[in-house]
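Number of protein chains: 2
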Amino acid sequence: MNTLAYGLLGLVARMPSSGYDLMLQLQPFWQAKHSQIYPLLAKLEQDGYLDFTRVQQTDRPDKKVYSITEKGRSTLREWLDRPTSDPVFRDELSLKAYCLWLTDRSTARKLFEEREARYLEHLNMFESFLAELEQACDGTPEDPSTPNFGEYILLSRGLRSIREELNWCRWVIELIDKKA
Amino acid sequence: MNTLAYGLLGLVARMPSSGYDLMLQLQPFWQAKHSQIYPLLAKLEQDGYLDFTRVQQTDRPDKKVYSITEKGRSTLREWLDRPTSDPVFRDELSLKAYCLWLTDRSTARKLFEEREARYLEHLNMFESFLAELEQACDGTPEDPSTPNFGEYILLSRGLRSIREELNWCRWVIELIDKKA
DNA sequence: ATCCACATGTAAGCGGTTACATGATTTA
DNA sequence: TAAATCATGTAACCGCTTACATGTGGAT
Numbered sequence: 059m060n061t062l063a064y065g066l067l068g069l070v071a072r073m074p075s076s077g078y079d080l081m082l083q084l085q086p087f088w089q090a091k092h093s094q095i096y097p098l099l100a101k102l103e104q105d106g107y108l109d110f111t112r113v114q115q116t117d118r119p120d121k122k123v124y125s126i127t128e129k130g131r132s133t134l135r136e137w138l139d140r141p142t143s144d145p146v147f148r149d150e151l152s153l154k155a156y157c158l159w160l161t162d163r164s165t166a167r168k169l170f171e172e173r174e175a176r177y178l179e180h181l182n183m184f185e186s187f188l189a190e191l192e193q194a195c196d197g198t199p200e201d202p203s204t205p206n207f208g209e210y211i212l213l214s215r216g217l218r219s220i221r222e223e224l225n226w227c228r229w230v231i232e233l234i235d236k237k238a
Numbered sequence: 059m060n061t062l063a064y065g066l067l068g069l070v071a072r073m074p075s076s077g078y079d080l081m082l083q084l085q086p087f088w089q090a091k092h093s094q095i096y097p098l099l100a101k102l103e104q105d106g107y108l109d110f111t112r113v114q115q116t117d118r119p120d121k122k123v124y125s126i127t128e129k130g131r132s133t134l135r136e137w138l139d140r141p142t143s144d145p146v147f148r149d150e151l152s153l154k155a156y157c158l159w160l161t162d163r164s165t166a167r168k169l170f171e172e173r174e175a176r177y178l179e180h181l182n183m184f185e186s187f188l189a190e191l192e193q194a195c196d197g198t199p200e201d202p203s204t205p206n207f208g209e210y211i212l213l214s215r216g217l218r219s220i221r222e223e224l225n226w227c228r229w230v231i232e233l234i235d236k237k238a
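Structure representation (structure tokens):
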């Protein structure tokens, strides 16, 4: 049982889903490819944490829809009480920042302009996710006993983070320009 | 040449350092253990990106001090011009957030209180790093053509990020309390 | 006497990415 | 007819972590 396994159990506990669906739901908060998810789901099913039923679709390929078992649900609850690992953050841009003095201003500037553009895309994505969520539950889901609360605070965190990163990029670009 | 390799070259380019020293310098921005760094430094030396000299110390064990070669420096400059990978962020707390509805308020609350405490430690660390840097160069190093600039903007980013994460934790705790 | 910081290495195993593989249906 | 989305899988490889291994010198 690694962290991704708990993550998958947690998503399935909210709503039975296919592997493909879980991959999409997980992407914004935990980057994992289908090649990692499918074998892990199979293992979780074999070990009795998940069930699945094969669902036939006419317009699309058939899919395996997983549901959580009682064993899975109690495993999740125990996990919540155990110590939480520190987050891992790795950004190539950080390492490049150390080398800015080796290059010219335009190269340096480009690094942060490109990152700014990337963050703007993410910002739009998260904002529409949040709008969707607020529409889905008539207002803001501020009740911690509902499944939507988790999604709500995570989207809020994502937005805060992206906005601050955008501010940082713009601040750096200004500094680069100031001395030009 | 993976990302960590460029990171090591970048640090050595600023100042010749030992593997142990590089590990410490790198920690705040790229988590890497000595078991990964030492073999990589040896490989970079074999491939001609780095040189090293054995430095004898009386009060401490001897060390290998690495310096960058011309080949290493030009490799770094080329790297700066190539596309930058997206950052990777993985936090077990995000996955636990999805499961808050499965547990009681006190368990939920504890998750964010513990994280808040962790961020406060980081905040102190980054603040003292920044104070050190400002002392080392008489004021704020806002000139992008100096090696200190990179460190300055990275520390600034770290502080922004930690402060925003702290705000988020407190906001979540308030929400949890509000409905209690 | 014990623990911590400094200092460098190797080996095993896990987690994650990239690539290989297949195939249906819809949209441009 | 080419590309994109949906859908599921395997295999090889790389990057990172954990554990094993060794040794010095200073502080408590």
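Residue numbers (the working numbering), protein chains in the order written: chain A, 59 to 238; chain W, 59 to 238. We put the beta carbon where it would ideally sit given N, CA and C, even for glycine.
Residue(s) in a DSSP beta bridge with residue i
i                     : result
residue 70 (chain W)  : In the DSSP output, where bridge partners are listed per residue, residue 70 (chain W) has none listed.
residue 224 (chain A) : For residue 224 (chain A), which the question treats as bridged, DSSP gives no partner whatsoever.
residue 76 (chain W)  : W:123
residue 108 (chain W) : W:126
residue 184 (chain A) : Paired residues: none, contrary to the question.
residue 146 (chain A) : W:148
residue 113 (chain A) : A:121
Beta-carbon spacing of residue i, residue j below 9 Å
i                     : j                     : result
residue 215 (chain A) : residue 223 (chain W) : yes
residue 66 (chain W)  : residue 82 (chain W)  : no
residue 99 (chain A)  : residue 64 (chain A)  : no
residue 160 (chain A) : residue 221 (chain W) : no
residue 86 (chain W)  : residue 150 (chain A) : no
residue 94 (chain A)  : residue 62 (chain A)  : yes
residue 208 (chain A) : residue 157 (chain W) : yes
residue 172 (chain W) : residue 142 (chain A) : yes
residue 235 (chain W) : residue 176 (chain W) : no
Buried or exposed by the 16-neighbour rule on C-beta atoms within 10 Å, applied to residue i
i                     : result
residue 106 (chain A) : exposed
residue 136 (chain W) : exposed
residue 129 (chain A) : exposed
residue 133 (chain A) : buried
Nearest-angstrom Cα separation, counted from residue j out to residue i
i                     : j                     : result
residue 89 (chain A)  : residue 204 (chain A) : 25 Å
residue 202 (chain W) : residue 189 (chain W) : 19 Å
residue 122 (chain A) : residue 101 (chain A) : 14 Å
residue 118 (chain W) : residue 59 (chain W)  : 32 Å
residue 240 (chain A) : residue 197 (chain W) : The question about residue 240 (chain A) has no answer, for chain A in this structure spans 59 to 238.
residue 187 (chain A) : residue 140 (chain W) : 32 Å
residue 211 (chain W) : residue 162 (chain A) : 17 Å
residue 80 (chain W)  : residue 165 (chain A) : 26 Å
residue 72 (chain A)  : residue 229 (chain W) : 24 Å
residue 152 (chain A) : residue 193 (chain W) : 22 Å
residue 104 (chain A) : residue 111 (chain W) : 55 Å
residue 116 (chain W) : residue 237 (chain A) : 45 Å
residue 138 (chain W) : residue 138 (chain A) : 42 Å
Contacting residues, own chain, Cβ-Cβ under 7 Å from residue i (five flanking each side not counted)
i                     : result
residue 206 (chain W) : 191, 195, 199
residue 247 (chain A) : The shown model of chain A, from 59 to 238, leaves out residue 247 (chain A), and the question about it has no answer.
residue 179 (chain A) : none
residue 154 (chain A) : 169
residue 213 (chain W) : 184, 187, 188, 191
Other residues of its chain near residue i: CB distance less than 8 Å, five sequence neighbours each side excluded
i                     : result
residue 127 (chain W) : 106, 107, 108, 109
residue 181 (chain W) : 217, 220, 221, 224
residue 174 (chain A) : 224, 227, 228, 231
Close Cβ partners of residue i (< 6 Å) along its chain, the five nearest in sequence each way excluded
i                     : result
residue 77 (chain W)  : 95, 96, 99
residue 246 (chain W) : Outside the displayed range of chain W (59 to 238) lies residue 246 (chain W), so it cannot be described from this structure.
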